[in-house]
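A.B. asks: Residue numbers (our numbering), protein chains in the order written: chain U, 23 to 421; chain A, 23 to 421. All C-beta atoms, glycine included, are put in the ideal place defined by N, C-alpha and C. Pasting a structure below so you can have a look.
Here it is in structure tokens:
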């Protein structure tokens, strides 16, 4: 194996220049810069001897000629809006580096991991878990553009969707930034991922009465925003009492309608999510959420409805991949690595439904991710790449 | 005086058809439909013998030829987005009806009462309280278009702004829908307004750290949205303890950044307002708000800043106008009228800085306003118009 870490860093910088925003990038799915990054990847794939293609959902695939045991490696190219340069990009470039080093690896950039149009539509399509009807129905989460229209604009409409024979692969592996501060705090340079947490995303909608703020007395109001605030304050006091050690819960999105200073909100929509590795803890958090909605409906004049918008089960990483990565980390950066769960969801979660999976983390400076200031030191990127490559090689060698 | 209530109702319906949306209207300031409504008004003004003009801020003015004591009457033509057909329109059409009935009335449709581009820019311009620099700086509250660009697009750029000699008027009067349920609940058909409440609008901004929801432990987070929720829950428990009988307070607008399900909000902006007729109560509410921000800053990891974005002092209606309207109401609908403060702010608030003012309310069905379903029964519209006209005539006659 001939790993070229200089070229690896150079490729990361090349990709960073496509859709650059301050020190990060802005490559929303199927936009011009996202598509440019997909074409850039095709060039790299050709160069390393893989046959490149972009399929009907936007997955970029590099297929190797060799028979025998192979790995599937990759991540995603598009980003959240005005976001970081490494989230996704690192895993794609690291996969190319493995192939460039001569390892039998097929490379995939799974489309829209960031969920502009849905939930993991790229990796789900690859494993055959995305129907044409689901594509028909998918729309952009904020501007409402249909996925079909977006694919049409990107020049992808009508192309077949690739569903490779997964029996070809011993495992699917992914390198990624941690998106947290555990490695940094422990002064560790590599994290070998034990599993990916479960996640549930709920939408809670409060229906009130839109009205003028001056003409409606407090007693008469049905202020949907106020009911939402009271509900979220209850979540804030109840969840800490029943959560697990590493549970997280977040209100990432609040939409008041009409969201105007002088108008009482007639409707409030909350996107609330929580994560944990343990199914038992997840069940407890869900039960608490349900009872708080019930309580709100007994107390408030704005009825709340609760809807599960997405759910992912926990994924445990393959023990053999985990061992291979651990051994490589122990050799290359002794005492500066750890095993850890992934709090963030990745395409590996979807791939884990059909393939053994493994993931490797490198530190995120200050834990920052999904923001243009996201970064990782060059030394950590190189160390991570070396552990990733040696681990992949060792795993493949085990036959 | 020859009041034509059929024509009054007909004019209201004609205006309703300009920018119609369901049973309401959508006439945002300076848009095509708003401008069409201004030109429609000019035609009505010509017809009733007033000299029409549209000035450099969009105020439509109808100036009468007669010398001697006159009234200024009017309201506004533009609406909130997808809003009601009577808010503003009623006062403009009622003013035209007074002129049509032969009363010495100048009519004005004050531009942008609804505040798409600022705070009462039309009425402030008319009384000489709006500088060119303020126009330079004003931008659309949500899309950021500059007021100058909007005036240019509407064909108003370069026109002089009208500032009539206010000594010409004995008072400024305005008919309006109540935008509340007090009249309806009391089975009253007319409300004689005693004064317009004071209002303060505050912007509270919480600065946190945008981050991935999965990779950041609860202990590490600086969730600006969560700090905002905790603050608003405190307001919800403290304000009822110190408010006046008729105080109202509202969070009309919450903006999380980036407002995405999977991202911890790095910033939260709240537009919070409160209203009361009493200066003492207003001072108490302001002091409470300030202390809650201080408390939040002692407790939370996301610092909050507090900024007064607009403030209006209370306006008391002119006793002579109030008496004239009261007498007319007592004659025309005995036992079905009341005196009441206005919880909503109107152009009369601005005009009250320079002129005696008076206002008359008619009921809002179910209290609904700022929504397309806003409505008032035809009988109440006619009764209000009759009281408005008789009151205006009596006030003028008092010499």
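Would you call the region 369-387 of chain A in contact with the region 250-259 of chain U, where contact means no fewer than 3 C-beta pairs closer than 8 Å?
C.D. replies: Taking 8 Å as the limit for Cβ pairs, the verdict is that the region 250-259 of chain U does not touch the region 369-387 of chain A.
A.B. asks: For the region 36-52 of chain U against the region 91-110 of chain U, are there 3 or more C-beta pairs whose distance is under 8 Å?
C.D. replies: yes
A.B. asks: Closest by CA to residue 197/A, which one among 336/A, 408/A, 245/A?
C.D. replies: 408/A
A.B. asks: Return the CA-CA distance between residue 498/A and residue 81/A, expressed in angstroms with no decimal places.
C.D. replies: In the structure displayed, chain A extends from 23 to 421; residue 498/A sits before or after that span and is not available.
A.B. asks: Does residue 188/A come out as helix, strand or coil in the three-state DSSP assignment?
C.D. replies: DSSP places residue 188/A in helix when its eight states are reduced to three.
A.B. asks: Does residue 313/A come within less than 7 Å of chain U when only Cβ atoms are used?
C.D. replies: no
A.B. asks: Please list, in chain order, all residues of the same chain as residue 71/A whose beta carbon is under 8 Å from its beta carbon, the five residues on each side excluded.
C.D. replies: 86, 87, 121
A.B. asks: Let me check understanding here. Comparing Cα to Cα, which of 204/U, 42/U, 78/U, 391/U lies closest to residue 147/U?
C.D. replies: 78/U
A.B. asks: In the structure shown, what three-state DSSP assignment does residue 27/A receive?
C.D. replies: helix
A.B. asks: Here's the rule: buried if 16 or more other CB atoms are within 10 angstroms of the residue's CB, otherwise exposed. What is residue 420/A?
C.D. replies: exposed
A.B. asks: Within 7 Å (strictly less), CB to CB, does residue 391/A reach chain U?
C.D. replies: yes
A.B. asks: Specify the secondary structure class of residue 405/U as computed by DSSP and reduced to three states.
C.D. replies: helix
A.B. asks: Just list the residues that DSSP pairs residue 377/U with in beta bridges.
C.D. replies: In DSSP, residue 377/U forms no bridge with anything.
A.B. asks: Which class does residue 261/A belong to by DSSP, given the choice of helix, strand or coil?
C.D. replies: helix
A.B. asks: DSSP three-state call for residue 157/A: helix, strand or coil?
C.D. replies: helix
A.B. asks: When the Cα of residue 331/U is compared with those of 372/U, 223/U, 414/U, which residue comes out closest?
C.D. replies: 223/U
A.B. asks: At what residue ranges does the region 120-156 of chain U contain a whole run of the alpha helix (DSSP H), taking only runs of 4 or more?
C.D. replies: You should have 143-148.
A.B. asks: Where residue 61/A and residue 117/A are concerned, what is the direct C-alpha to C-alpha distance, given to the nearest angstrom?
C.D. replies: Near 16 Å, if we compare the C-alpha coordinates of residue 117/A and residue 61/A.
A.B. asks: Any C-beta of chain A sitting closer than 7 Å to the C-beta of residue 328/U?
C.D. replies: no
A.B. asks: Just to check my reading of the structure: residue 51/A and residue 155/A have Cβ atoms closer than 8 Å, yes? What is that Cβ distance to the nearest angstrom?
C.D. replies: No, residue 51/A and residue 155/A are not in contact; Cβ-Cβ is about 20 Å, not under 8 Å.
A.B. asks: Give the single residue among 27/A, 318/A, 166/A, 158/A whose Cα lies nearest to the Cα of residue 226/A.
C.D. replies: 318/A
A.B. asks: Is residue 167/U close to chain A, meaning its C-beta is less than 7 Å from at least one C-beta of that chain?
C.D. replies: no
A.B. asks: Indicate whether at least one CB of chain U lies closer than 7 Å to the CB of residue 241/A.
C.D. replies: no
A.B. asks: Does the beta carbon of residue 235/A come closer than 7 Å to any beta carbon on chain U?
C.D. replies: yes
A.B. asks: Would residue 371/U count as contacting chain A if we go by Cβ distances under 7 Å?
C.D. replies: no
A.B. asks: When the cut-off is 7 Å and only beta carbons count, does residue 281/U lie next to chain A?
C.D. replies: yes
A.B. asks: Taking only three categories from DSSP, how would you classify residue 224/A?
C.D. replies: strand
A.B. asks: Please report how far the alpha carbon of residue 221/A lies from the alpha carbon of residue 160/A, in whole angstroms.
C.D. replies: 20 Å
A.B. asks: Taking the alpha-carbon of residue 391/A as reference, which of 157/U, 139/U, 234/U, 188/U has the nearest alpha-carbon?
C.D. replies: 234/U
A.B. asks: Who are the neighbours of residue 295/A on chain U, taking C-beta pairs under 8 Å?
C.D. replies: 235, 283, 284
A.B. asks: Would you tell me roughly how many angstroms separate the C-alpha atoms of residue 344/U and residue 250/U, rounded to the nearest one?
C.D. replies: Going from the Cα of residue 344/U to the Cα of residue 250/U covers about 43 Å.
A.B. asks: Tell me whether residue 232/A sits in a helix, a strand or coil according to DSSP, three-state version.
C.D. replies: coil
A.B. asks: Is residue 251/U close to chain A, meaning its C-beta is less than 7 Å from at least one C-beta of that chain?
C.D. replies: With respect to chain A, the C-beta atom of residue 251/U has a partner C-beta closer than 7 Å.
A.B. asks: Under 8 Å, with one C-beta from each stretch per pair, do the region 167-176 of chain U and the region 354-371 of chain U reach the 3-pair mark?
C.D. replies: no
A.B. asks: Where do the N-terminal and C-terminal ends of the alpha helix (DSSP H) with residue 57/A fall, by residue?
C.D. replies: 54-69
A.B. asks: For the candidate residues 279/A, 140/A, 290/A, whose alpha-carbon lies nearest to that of residue 167/A?
C.D. replies: 140/A
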